[in-house]
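Enquirer: I'd like to ask some things about the structure below.
2 protein chains.
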Amino acid sequence: MSVTESVDVKPQGREDILNAAARCFMDRGYTMTSIDDVARSLGSTKGRIYHHYRSKADLFFDVFRTGMTMNFDTVVPIKNEARPAVDKLRRMAQAHCRAMIRTQPFQRCVWEGVEMLMRGSTTPTQRATLVDLQAMRENYADIFRTVLKQVERDGLVKIENSSIALQLMFMSLNSPLFWYSERDDQNPDAINRIARQCTDFALRGLGLNEELLADA
Amino acid sequence: MSVTESVDVKPQGREDILNAAARCFMDRGYTMTSIDDVARSLGSTKGRIYHHYRSKADLFFDVFRTGMTMNFDTVVPIKNEARPAVDKLRRMAQAHCRAMIRTQPFQRCVWEGVEMLMRGSTTPTQRATLVDLQAMRENYADIFRTVLKQVERDGLVKIENSSIALQLMFMSLNSPLFWYSERDDQNPDAINRIARQCTDFALRGLGLNEELLADA
DNA sequence: AAAGGAACATACTACCGGGTATGTTGTCAA
DNA sequence: TTGACAACATACCCGGTAGTATGTTCCTTT
């Protein structure tokens, strides 16, 4: 009937572009990556990309948005489980960390995107998109903030400045973004061990007792 | 007698350039910062910068090197004190963290520089400089690695993968680079509180006991 | 006081990369 | 079969920026 299976989500043609762009942006950074670079890595030319995206920034922001969507998809289900807050926090943290490793190219773009947002180096045209992305990221952080607050109310964690505590937690969980290289054993078991170590570090850092680090 | 006080260190004219460059690179990133931007922020023109530096990359690398030198100057004296390893580690970590806040523009350049080194995006001409900087950074990490190893031998800390543990520790201590804004109270007391919270987080994360977090 | 050079400013070049305008090909609907 | 449009490729423009070549000024040295 219709040309595409489902019109609402990503058009098929864009998926390959997104993956290639994410990898290029990760490898060389946003400004150092030219549209021709992305096109070349696809075996195509500029024309293909500019047919789907109106600007380089638009492409980058779509990578950003896709990365954030991946994060929501992994964490929200866990947040909605019926468990003690500590258990949810631990599982959310571990899942988040694994996502950082699995979808590394996209998450590096999210990171660089956040820096772009903070610097505010943007044309007025893209302001609308930016506000959206800003809110998206804030909402994602809020999920953790809420659960962490709950764990604090349960007296299981000692927090001085809660804003800083959240930053430190995310820094630890995001850490693999900067030193993990996918040739270091791609197998899920190795990834789990890394995510486990990062999560343990973060939760210990927040003052969680040793017994609560283990799975229920 | 001689024109400059001491010939061996930074020529006087370069200091202002370094400070301005560090701030520009922090604000807009390496590639987004033009030489004219740096010059304009000095109230000068290109000519002044290119009189002292042969290229934009050379200027950036000098900021990098200066930042690393600052780090060595703050941490090495503590490392050489006659104390238990735990005490040295705690003091080094705290001093490092404070340095991240005080010299933020330079340290952000160090961070971006490390990313540049990893990406390997460099002309053959600058290879020699890069190897130097790479080694410098490695030596700095080694200071912490050695002390941390000692603390581990003392059984005061539980570490699974020591390489990852070091990364996590640095991530926590470097964390203010990305969220501290100098208008958030510049006074030393506030800075100390922030550094204290980051250090506590890092050391707890490494599994240090609560009693050992306090100063001796 | 004359020469030389340090410390810049000014003016210019060359190139790269984002964006656009325009062709080309296949596919589907009527 | 033919128009229409999606999905690209090709060719081109043009602004911004790194780097250079050439003044200009002042200070120092002899």
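Those sequence lines, one after another, are chains A and B.
Oh and the first sequence: position 97 is 97 in this note's numbering, straight run, nothing missing.
Oh and the second sequence: position 174 is 390 in this note's numbering, straight run, nothing missing.
C-beta: ideal position from N, C-alpha, C; glycine also.
Kindly list the residues whose CB is nearer than 6 Å to the CB of residue 231 of chain B, restricted to its own chain and excluding five residues on each side of it in sequence; keep chain order.
Expert: Once the five neighbours on either side are set aside, residue 231 of chain B has no close Cβ partner at all.
Enquirer: Taking Cβ positions, are residue 169 of chain A and residue 391 of chain B nearer each other than 7 Å?
Expert: No, the Cβ-Cβ distance between residue 169 of chain A and residue 391 of chain B is not below 7 Å.
Enquirer: Relative to the alpha-carbon of residue 439 of chain B, which residue among B:233, B:359, B:329, B:364 has its alpha-carbon at the smallest distance?
Expert: Outside the shown range of chain B, which is 217 to 432, sits residue 439 of chain B, and nothing can be said about it.
Enquirer: Compare the C-beta of residue 257 of chain B against all C-beta atoms of chain A and say whether one is closer than 7 Å.
Expert: So, not an interface residue.
Enquirer: Helix or strand or just coil, what does DSSP make of residue 427 of chain B?
Expert: Reduced to three states, the DSSP call for residue 427 of chain B is helix.
Enquirer: At which residues does the alpha helix (DSSP H) containing residue 74 of chain A begin and terminate?
Expert: From DSSP, the alpha helix (DSSP H) with residue 74 of chain A extends over 56 to 79.
Enquirer: How far does the alpha helix (DSSP H) with residue 366 of chain B in it extend, from its first residue to its last?
Expert: Looking at the DSSP string, the run of the alpha helix (DSSP H) that includes residue 366 of chain B is 343 to 369.
Enquirer: Below 7 Å between beta carbons: does that hold for residue 356 of chain B and residue 287 of chain B?
Expert: In this structure, residue 287 of chain B lies closer than 7 Å to residue 356 of chain B by Cβ.
Enquirer: On the premise that residue 98 of chain A lies in contact with residue 195 of chain A, defined as a C-beta separation below 8 Å, what is that separation, rounded to the nearest angstrom?
Expert: About 5 Å; that satisfies the 8 Å criterion.
Enquirer: For residue 94 of chain A, count neighbouring Cβ atoms within 10 angstroms of its own Cβ and tell me buried if that reaches 16, exposed if not.
Expert: Residue 94 of chain A should be labelled buried.
Enquirer: Can you give me the Cβ contacts of residue 243 of chain B inside the same chain, cut-off strictly under 8 Å, excluding the 5 residues immediately before and after it?
Expert: The answer, listed in chain order, is 249.
Enquirer: Got a sec: is the Cβ-Cβ distance from residue 378 of chain B to anything in chain A below 7 Å?
Expert: No, residue 378 of chain B does not count as interfacial toward chain A.
Enquirer: Do you know offhand how far residue 408 of chain B's Cα is from residue 106 of chain A's?
Expert: Going from the Cα of residue 408 of chain B to the Cα of residue 106 of chain A covers about 35 Å.
Enquirer: Under a three-way DSSP split, which group does residue 18 of chain A fall into?
Expert: If DSSP states are grouped into helix, strand and coil, residue 18 of chain A belongs with the helices.
Enquirer: Quick one: list the residues of chain B neighbouring residue 144 of chain A, beta-carbon separation under 8 Å, in chain order.
Expert: Ordered by position in chain B, no residue passes the 8 Å Cβ test against residue 144 of chain A, which lies about 15 Å from the chain.
Enquirer: Less than 7 Å separating the beta-carbons of residue 413 of chain B and residue 159 of chain A?
Expert: Result no, Cβ atoms of residue 413 of chain B and residue 159 of chain A do not sit closer than 7 Å.
Enquirer: What I want to know is whether the C-beta of residue 273 of chain B ends up closer than 6 Å to one or more non-hydrogen atoms of the ligand FMN.
Expert: Ligands in the displayed structure: none, and consequently the ligand FMN is not present.
Enquirer: In chain order, what residues of the same chain have a beta carbon less than 6 Å from the beta carbon of residue 224 of chain B, not counting five sequence neighbours either side?
Expert: With a pLDDT of only 46 at residue 224 of chain B, under the threshold of 50, the placement of this residue in the model should not be trusted; the figure read from the coordinates follows. Nothing meets the Cβ criterion.
Enquirer: Check whether the Cβ atoms of residue 212 of chain A and residue 200 of chain A lie closer than 7 Å to each other.
Expert: Contact: no.
Enquirer: Using a Cβ-Cβ cut-off of 8 Å (strictly less than) and excluding sequence neighbours within five positions of residue 262 of chain B, which residues of its own chain qualify?
Expert: Hits under 8 Å: 251, 252, 255.
Enquirer: Looking only at C-alpha atoms, which of B:301, B:245, B:334, B:345 sits nearest to residue 369 of chain B?
Expert: The option with the nearest alpha carbon to residue 369 of chain B is B:301.
Enquirer: Pull up the distance between the alpha-carbon of residue 377 of chain B and that of residue 365 of chain B, whole angstroms please.
Expert: Their backbone Cα atoms lie some 12 Å apart in a straight line.
Enquirer: For residue 295 of chain B and residue 308 of chain B, I'd like the C-alpha separation in whole angstroms.
Expert: Rounded to the nearest angstrom, the two C-alpha atoms are 7 Å apart.
Enquirer: Kindly list, in the order they appear in chain B, the residues whose Cβ is closer than 9 Å to that of residue 34 of chain A.
Expert: Those do not exist, as residue 34 of chain A stays about 12 Å from chain B at its closest Cβ, beyond 9 Å.
Enquirer: Using three-state DSSP, classify residue 314 of chain B as helix, strand or coil.
Expert: Correct three-state label for residue 314 of chain B: helix.
Enquirer: Starting from the beta carbon of residue 202 of chain A, find every residue of chain B whose beta carbon is closer than 7 Å, and list them in chain order.
Expert: Chain B residues near residue 202 of chain A: 421.
Enquirer: What do you reckon, are the CB atoms on residue 21 of chain A and residue 59 of chain A nearer than 7 Å?
Expert: Result yes, Cβ atoms of residue 21 of chain A and residue 59 of chain A sit closer than 7 Å.
Enquirer: For residue 305 of chain B, I'd like the list of residues in its chain whose CB is within less than 7 Å of its CB, leaving aside the five on either flank, ordered along the chain.
Expert: For residue 305 of chain B, where only same-chain residues beyond five positions count, the Cβ hits under 7 Å are 363, 364, 367.
Enquirer: Pop quiz: residue 144 of chain A and residue 177 of chain A are said to be a contact at Cβ under 8 Å. What is the actual Cβ separation, rounded to whole angstroms?
Expert: That pair is no contact at about 17 Å.
Enquirer: By how many angstroms is the C-alpha of residue 100 of chain A removed from the C-alpha of residue 203 of chain A?
Expert: About 17 Å.
Enquirer: Can you tell me whether DSSP reads residue 93 of chain A as helix, strand or coil?
Expert: Helix, per DSSP.
Enquirer: Pull out every residue of the segment 365 to 389 of chain B whose Cβ sits closer than 8 Å to any Cβ of chain A, in chain order.
Expert: Answer in chain order: 376, 377, 380, 381, 383, 384, 387, 388.
Enquirer: For residue 61 of chain A, which residues in the same chain have their Cβ closer than 6 Å to its Cβ, ignoring the five residues on either side in sequence?
Expert: Hits under 6 Å: 129.
Enquirer: With C-beta atoms as the reference, is residue 157 of chain A less than 7 Å away from residue 206 of chain A?
Expert: For residue 157 of chain A and residue 206 of chain A, yes; Cβs fall inside 7 Å.
Enquirer: Taking only the alpha-carbon atoms, compute the straight-line gap between residue 342 of chain B and residue 270 of chain B and give it to the nearest angstrom.
Expert: If I take the Cα positions, the gap works out to 11 Å.
Enquirer: So, is residue 51 of chain A buried or exposed, given that buried needs 16 or more other C-beta atoms within 10 angstroms?
Expert: Classification for residue 51 of chain A: exposed.
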